Amino acid sequence: MRTRKPLIGEGFGKLTWGISAEEAGKAYPDLNFSGYEIENSKQEPIKIYNRNAVPEKFDGVLFDSFEYGFKGGRFYKIRASLQSKIGPRTLVTRAETSWNQLAEYLVRKYGAPKEHSTRYVTEYLAVVKEMHWEIGGVFIHLNYRGPERADEDQLIFEMGK
Numbered sequence: 000m001r002t003r004k005p006l007i008g009e010g011f012g013k014l015t016w017g018i019s020a021e022e023a024g025k026a027y028p029d030l031n032f033s034g035y036e037i038e039n040s041k042q043e044p045i046k047i048y049n050r051n052a053v054p055e056k057f058d059g060v061l062f063d064s065f066e067y068g069f070k071g072g073r074f075y076k077i078r079a080s081l082q083s084k085i086g087p088r089t090l091v092t093r094a095e096t097s098w099n100q101l102a103e104y105l106v107r108k109y110g111a112p113k114e115h116s117t118r119y120v121t122e123y124l125a126v127v128k129e130m131h132w133e134i135g136g137v138f139i140h141l142n143y144r145g146p147e148r149a150d151e152d153q154l155i156f157e158m159g160k
């Protein structure tokens, strides 16, 4: 546990990569186990923890939730998500605006992404936007998912080592 925020290669928030769930609980007393995520059926599932605290910001973007992933009992990744509603008068949603803000910030800070794609349903409506970076052994994924059948879109930010 550190008193300063770690650099990208070191961790996220108050947690350094590789810290145990027990040590993470000391840094964030409201950190609670919420379930498992299977990335590879041949490996132990990732344990997912959530915090009860109010939503947090990353580069000025207010996310609805943060999930902390622990692989082999060690802090491995963070996933933040934001959902917004689409209504009859909505031109640009909070999730899409936040995608633009975070994408610009990450490109400014880390350079062009290793991978970048945008897939469209129609000529004007973007359904999926993705950007991926790899910096100093750390991955960063930024995903925007537009509405498919519901009236919600979603922004997901993931970082891990």
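With numbering that gives the first Met the number 0, letter number 141 in the sequence shown gets 140, and the count goes up by one each step, no holes. All residues carry an ideal CB built from backbone N, CA and C; glycine is no exception. Quick caveat: nothing in here was measured; it's all calculated off a predicted structure.
{"Item": "Straight-line gap, Lys-160 to Gly-136 (C-alpha atoms, nearest Å)", "Value": "6 Å"}
{"Item": "When Gly-110, Glu-151, Thr-121, Arg-73 are compared against Pro-87, the one with the closest alpha-carbon", "Value": "Glu-151"}
{"Item": "Beta-carbon separation (whole angstroms), Gln-153 vs Leu-101, contact threshold 8 Å", "Value": "Actually they are not in contact, since the Cβ atoms of Gln-153 and Leu-101 sit about 13 Å apart, beyond 8 Å."}
{"Item": "Contacting residues, own chain, Cβ-Cβ under 8 Å from Ser-33 (five flanking each side not counted)", "Value": "Ile-47, Tyr-48, Asn-49, Glu-66"}
{"Item": "Same chain only: Cβ atoms within 7 Å of Thr-92, ignoring 5 sequence neighbours per side", "Value": "Ser-83, Ile-85, Asp-152"}
{"Item": "Whole runs of the beta strand (DSSP E) within the region 16-93, excluding any shorter than 3 residues", "Value": "30-36, 45-50, 64-70, 73-84"}
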